[in-house]
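Written below as structure tokens is the structure these notes are about.
Protein chains in written order, with my numbering: chain R, 25 to 222; chain W, 25 to 222.
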């Protein structure tokens with residue numbers, strides 16, 4: 025590469041984005057430079073606006089434009105249910121399904137002995153506090169069906185034992201549109217074990 | 025998606041980058057917000073620096089920090105050869121090969137009757153001017169081996185007929201590391217036609 029300093033810095037930073045490697049970061053940077061008024065300047069403004077204004081909700085860990093996010097301050101949402109997710113991306117995925125009308129709690133990761141991530145590194149204490157304070161009657165654990173996700177789910181369920189709320193988790197089974205032939209054994213056993221009368 | 029305004033704008037802009045779709049743009053935007061000091065702020069600075077300072081070279085169409093790019097002003101590069109490329113990305117690819125020591129000329133695209141791109145939309149007049157003015161003795165057409173690329177190459181060769189310089193193009197054949205079994209018929213015929221004594 026024979027790009028001048030500023031461009032090299034831009035490429036190096038863009039290569040750190042998930043989904044972009046060195047080669048696609050180069051392409052993206054050149055595309056930005058070509059589309060200066062259409063893309064480069066608006067993107068600079070958008071990144072500055074986000075850097076300036078976006079912050080984490082002090083209650084649930086979602087991101088928004090103030091210390092309390094839109095979902096925590098929405099009066100039309102039910103107070104009794106908290107849906108626990110790993111990440112803001114998962115919160116958005118739940119919201120796209122438009123079926124959950126309660127509040128959220130974003131953990132910010134999963135427990136992981138290997139990476140030295142304990143419950144204090146996640147927002148688990150905050151969750152326990154909210155359950156005690158807010159009169160919550162159901163905690164829905166919407167965590168990934170991976171080892172780390174399920175470990176974290178079990179840990180939270182343990183910590184909530186004795187609290188005056190039920191703890192549920194997302195159902196496991198065949199995804200909508202799924203073909204049995206392409207599903208792994210674990211999913212098929214889970215779906216069989218949780219079978220329902222038609 | 026339930027992202028607040030600023031974040032949605034950022035995601036929409038990032039989704040316009042080559043290699044990023046709506047889903048990966050979302051991931052990238054969240055990644056940026058998470059890595060605020062490590063990535064978001066430096067990226068904002070880098071984009072502003074590029075927007076402020078990077079401009080197109082008035083001679084060859086390369087990008088750089090002034091009206092004459094590093095390659096056009098480099099005294100150690102040969103004046104007699106001009107390598108014609110479509111794009112700055114192609115110029116960088118040539119430079120990574122570190123074998124060409126002359127100057128470049130960036131066309132900014134290919135001729136395309138379908139898209140209404142004629143020679144005046146590309147930097148072909150500038151190239152003809154340079155050939156006349158700079159005492160060039162070889163024009164190397166390093167253009168893609170695609171229909172548009174080769175059409176453009178033939179057009180330029182036609183326009184340069186009668187000029188006091190030779191016009192060459194990159195050799196076509198088996199790429200280094202290439203396996204015959206995986207090569208298309210066109211490449212194999214080109215390589216066979218251009219066979220050399222060992």
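Note that beta-carbon positions come from the ideal geometry of N, C-alpha and C, so glycine has one too. This structure is a prediction, so every number in the text was calculated from the model and none was measured.
- Looking from the CA of residue 104(W), the closest CA among 48(W), 155(W), 45(W) belongs to 155(W).
- CA-to-CA, the gap between residue 178(R) and residue 164(R) works out to about 12 Å.
- For residue 190(W), the enclosing beta strand (DSSP E) stretches over residues 190-193.
- The beta carbons of residue 64(W) and residue 166(R) sit about 27 Å from each other, so the pair does not count as a contact at 8 Å.
- With respect to residue 142(R), residue 51(W) sits apart: the two C-beta atoms are not nearer than 8 Å.
- The region 126-141 of chain R makes contact with the region 98-114 of chain R; the number of CB pairs closer than 8 Å reaches 3 or more.
- If you ignore the 5 residues before and after residue 56(W), its C-beta comes within less than 6 Å of the C-beta of 63, 64, all in its own chain and listed in chain order.
- By DSSP's assignment, residue 109(W) forms a beta bridge with 130(W).
- At a cut-off of 8 Å, the C-beta of residue 127(W) has no neighbouring C-beta in chain R.
- From the beta-carbon of residue 43(R), the residues of chain W found nearer than 8 Å are 43, 44, 48, 51, 52.
- At a beta-carbon threshold of 8 Å, the residues of chain W lying near residue 73(R) are 30, 33, 34, ordered along the chain.
- Per DSSP, the unbroken beta strand (DSSP E) holding residue 163(R) starts and ends at 162-165.
- Just so you know, the alpha carbons of residue 188(W) and residue 160(W) end up roughly 8 Å apart.
- Scanning the region 31-110 of chain R for uninterrupted alpha helix (DSSP H) segments of 4 residues or longer gives 46-58, 65-77, 94-97, listed from N- to C-terminal end.
- According to DSSP, residue 180(R) shares a beta bridge with no other residue.
- Residues of the same chain with their beta carbon placed closer than 7 Å to that of residue 219(W) are lacking, with the five preceding and five following residues left out of the count.
- Cβ neighbours of residue 195(W) within its own chain (closer than 7 Å, five residues either side excluded): 218.
- For residue 67(W), at least one C-beta of chain R is nearer than 8 Å to its own C-beta.
- In the assembly as shown, residue 33(W) is a buried residue. Its beta-carbon has 16 or more other beta-carbons within 10 Å.
- For residue 213(W), the uninterrupted alpha helix (DSSP H) run begins and ends at 209-217, by DSSP.
- About 6 Å separates the CB atoms of residue 30(W) and residue 77(R); that is less than 8 Å, so the two are in contact.
- Counting along the chain, residue 150(W) sits inside the alpha helix (DSSP H) bounded by residues 148-157.
- The beta carbon of residue 63(W) sits closer than 8 Å to some beta carbon of chain R.
- Interface flag for residue 87(R) against chain W is set, since a Cβ pair is found closer than 8 Å.
- Within chain R, the residues 28, 30, 31, 57 have their CB atoms less than 8 Å from the CB of residue 78(W), given in chain order.
- Within the same chain, Cβ atoms closer than 7 Å to the Cβ of residue 83(W) are found at 92, 96, the five residues on either side in sequence being excluded.
- Closest option to residue 47(R), judged by alpha-carbon separation, among 100(W), 114(W), 90(W): 114(W).
- Rounded to whole angstroms, the separation of the alpha carbons of residue 68(W) and residue 39(R) is 14 Å.
- Taking C-beta atoms as the reference points, residue 128(R) and residue 148(R) fail to come closer than 8 Å.
- Under the DSSP definition of a beta bridge, residue 136(R) partners with 141(R).
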